[in-house]
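Chemist: Numbering (my numbering), first residue to last: 1 to 217.
A single structure is presented below for examination.
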């Protein structure tokens with residue numbers, strides 16, 4: 001069974017559908033009142049756990065907090081709580097997967113540079129924390145048969161107003177391959193392969209897309 005932390009994420013739902021089409025059972029952890037711990041207790045160790053960034057926009061929160069100490073403190077608390085929950089989920093998944101000597105923890109995120117250019121929420125802290133943590137976990141637990149990888153994709157065609165794509169393309173006419181976004185389905189089919197552990201990769205960061213610009217990562 002493949003666990004998804006939050007199927008409200010724009011890419012996670014499509015990836016889940018792609019996995020389900022290939023016969024995988026899907027479980028939405030956000031629908032469980034007890035979170036990942038309860039999900040594992042009820043269903044056993046997941047074959048894979050797909051993690052996603054928070055739904056808020058960290059970049060906007062940082063701008064709001066810059067001149068307001070109270071907002072800065074609140075933002076710091078949110079970042080800490082989010083980081084701790086991510087690490088707890090990684091620990092729970094790792095402990096369960098160790099008993100099976102197999103498993104895959106995968107993070108799906110949106111590239112921040114690309115998101116900023118087309119007006120989508122940016123989560124630079126969450127993205128970098130997750131990528132770095134998964135690299136470290138791969139070094140420690142990869143020998144036990146568990147994979148840890150991250151994917152940062154550029155925004156898919158359907159998540160941005162067509163007018164935005166056109167205006168950005170007009171500004172960079174010289175770059176013929178840029179601002180030609182991928183469809184969500186294209187990302188989902190590739191990510192489904194990654195979720196299922198078929199890629200020979202551990203501790204890796206994959207950057208997907210040709211729609212906006214060269215990846216900053």
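Ideal Cβ placement from N, Cα and C applies to all residues, glycine included.
Nothing here was measured: the structure is a model prediction, and the numbers come from that model.
Do residue 197 and residue 48 have their C-beta atoms closer together than 8 Å?
Modeler: By one-based count along the chain shown, residue 197 stands at place 197. By one-based count along the chain shown, residue 48 stands at place 48. Result yes, Cβ atoms of residue 197 and residue 48 sit closer than 8 Å.
Chemist: Considering only their Cβ atoms, is the gap separating residue 28 from residue 7 smaller than 8 Å?
Modeler: Your numbering for residue 7 matches position 7 in the chain shown. Your numbering for residue 28 matches position 28 in the chain shown. A contact, by the Cβ cut-off of 8 Å.
Chemist: Give me the Cα-Cα distance between residue 35 and residue 113, rounded to the nearest whole angstrom.
Modeler: In the chain shown, counting from the first residue as 1, residue 35 sits at position 35. In the chain shown, counting from the first residue as 1, residue 113 sits at position 113. Distance between the alpha carbons of residue 35 and residue 113: 31 Å.
Chemist: Please report the distance separating the alpha-carbon of residue 101 from that of residue 40.
Modeler: Here residue 101 refers to the residue found at position 101 of the chain shown. Here residue 40 refers to the residue found at position 40 of the chain shown. Approximately 16 Å between the Cα atoms of the pair.
Chemist: Is the region 148 to 165 touching the region 178 to 189 in the sense that three or more CB pairs, one from each, lie closer than 8 Å?
Modeler: yes
Chemist: Between which two residues does the alpha helix (DSSP H) containing residue 80 stretch?
Modeler: For the purposes of this step, residue 80 is taken as the residue at position 80 of the chain shown. First-last of the alpha helix (DSSP H) with residue 80: 69 to 100.
Chemist: Which of the three DSSP states, helix, strand or coil, is assigned to residue 35?
Modeler: Counting from one through the chain shown, the residue named residue 35 turns up at place 35. Residue state, collapsed to three classes: helix.
Chemist: Span of the beta strand (DSSP E) holding residue 4?
Modeler: Numbered from 1 along the chain shown, position 4 holds the residue referred to as residue 4. Counting along the chain, the beta strand (DSSP E) containing residue 4 begins and ends at 2 to 4.
Chemist: Rounded to whole angstroms, how far is the Cβ of residue 46 from the Cβ of residue 2, which I believe are closer than 8 Å?
Modeler: On the chain shown, residue 46 is found 46 positions in, with the first residue counted as 1. On the chain shown, residue 2 is found 2 positions in, with the first residue counted as 1. About 6 Å; that satisfies the 8 Å criterion.
Chemist: DSSP state of residue 45, grouped into three classes?
Modeler: Sequence index remark: in the chain shown, residue 45 carries index 45 (1-based). Three-state result, residue 45: coil.
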